[in-house]
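To keep things clear, I will list the structure first and then write my remarks on it.
2 protein chains.
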Amino acid sequence: MGASKTTAFTQADVTVAKYAKALAHPARIAIFRLLLERRSCICGDIVEELPLSQSTVSQHLKELKAAGLIKGDIEGKKVCYCIDAQEWKQAQQALAVLFAGDEPCHTSCC
Amino acid sequence: MGASKTTAFTQADVTVAKYAKALAHPARIAIFRLLLERRSCICGDIVEELPLSQSTVSQHLKELKAAGLIKGDIEGKKVCYCIDAQEWKQAQQALAVLFAGDEPCHTSCC
DNA sequence: TAATTACATCGTAATAATGCGATGAATAAT
DNA sequence: ATTATTCATCGCATTATTACGATGTAATTA
């Protein structure tokens, strides 16, 4: 196969997995960090920060945009990317389920 | 290609991406949630909770184990899985970088 | 010992992801 | 108008992921 059985899972699990998948690549993490650090939006300067070709970076940006995590506004001939604050808050809340209990395992086995 | 250029990225970014990748599937999210809820370890009861075959679940467990997020201890003929508390704390810290600034974008473009 | 149970692994098939060069579209500069 | 810049998209090759049945392994049970 190769396609995940998204039908049979919880909507919440699918959502969390979607966000995790969007961040499941070093390049996309780097892009996201850039957009977090320089709170202001950046454009294709991202390409120069990454060891990837322009087309590859564009593709990673597309995936982040598909997940809803970032937005891209056209500014003349440049494009300005920034984090979608609302969606990112939703993502944080969805991911927060995994950060709940911080206590170790109490059973005998481990 | 198909292989990510892990060489040219920050070690931190590679690490975060590794954890995100491990959680980038609804089945693995479901497994992880199960291990969080029932704080005690579970074994192949996981298979009955998921709409996947035993071999597929075993593969997902393998990936979570490869990322270091869970451990599996053999108990007779059953195997007991649980979250690796130490590694999970490291993962939380690594992922926390993305949860830093919660202020919206201040520039003109968005 | 033989049969059963609980998992892991192998083999296979289908799909997705990664990366890049080439091309295209739109705006800015000359 | 022509050229250059910025970015997106297409096409291709390569590798990774997902899924499952079949098989193997180790421990338990009959």
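One line per chain: the protein sequences are A and B, in this order.
For what it's worth, our numbering labels the leading residue of the first sequence as 1, then goes sequentially.
For what it's worth, our numbering labels the leading residue of the second sequence as 111, then goes sequentially.
For every residue, glycine included, the Cβ atom is placed at its ideal position computed from N, Cα and C.
| Check | Outcome |
| --- | --- |
| For Asp13 of chain A, count neighbouring Cβ atoms within 10 angstroms of its own Cβ and tell me buried if that reaches 16, exposed if not. | buried |
| With burial defined as no fewer than 16 other Cβ atoms inside 10 Å of the residue's Cβ, what is the status of Ala62 of chain A: buried or exposed? | Note on identity: in this sequence residue 62 of chain A is Lys, with Ala being the wrong assignment. Lys62 of chain A is exposed by the Cβ-count criterion. |
| Locate the alpha helix (DSSP H) running through Val167 of chain B, then write down its first and last residues. | 164-176 |
| DSSP three-state label for Asp183 of chain B, please. | strand |
| What residue range does the beta strand (DSSP E) around Ile193 of chain B cover? | 188-193 |
| Using 8 angstroms for Cβ pairs, my map puts Pro26 of chain A next to Ala127 of chain B. What's the rounded Cβ distance? | 5 angstroms |
| Quick check on the DSSP output: the alpha helix (DSSP H) that includes Val124 of chain B runs from which residue to which? | 121-132 |
| Answer yes or no: do Lys131 of chain B and Ala24 of chain A have a C-beta to C-beta separation smaller than 7 angstroms? | yes |
| Can you find a CB in chain A that lies within less than 7 angstroms of the CB of Asp155 of chain B? | no |
| For chain A, is any of its Cβ atoms less than 7 angstroms away from the one on Leu133 of chain B? | yes |
| Using a Cβ-Cβ distance cut-off of 7 angstroms, determine whether Gln169 of chain B contacts chain A. | no |
| Using a Cβ-Cβ distance under 7 angstroms, would Ala20 of chain A count as near chain B? | yes |
| Measuring CB to CB, does Lys188 of chain B end up less than 7 angstroms from Cys153 of chain B? | yes |
| Going by Cα to Cα distance, which pick from B:Glu185, B:Ile141, B:Gln196 is closest to Gln169 of chain B? | B:Ile141 |
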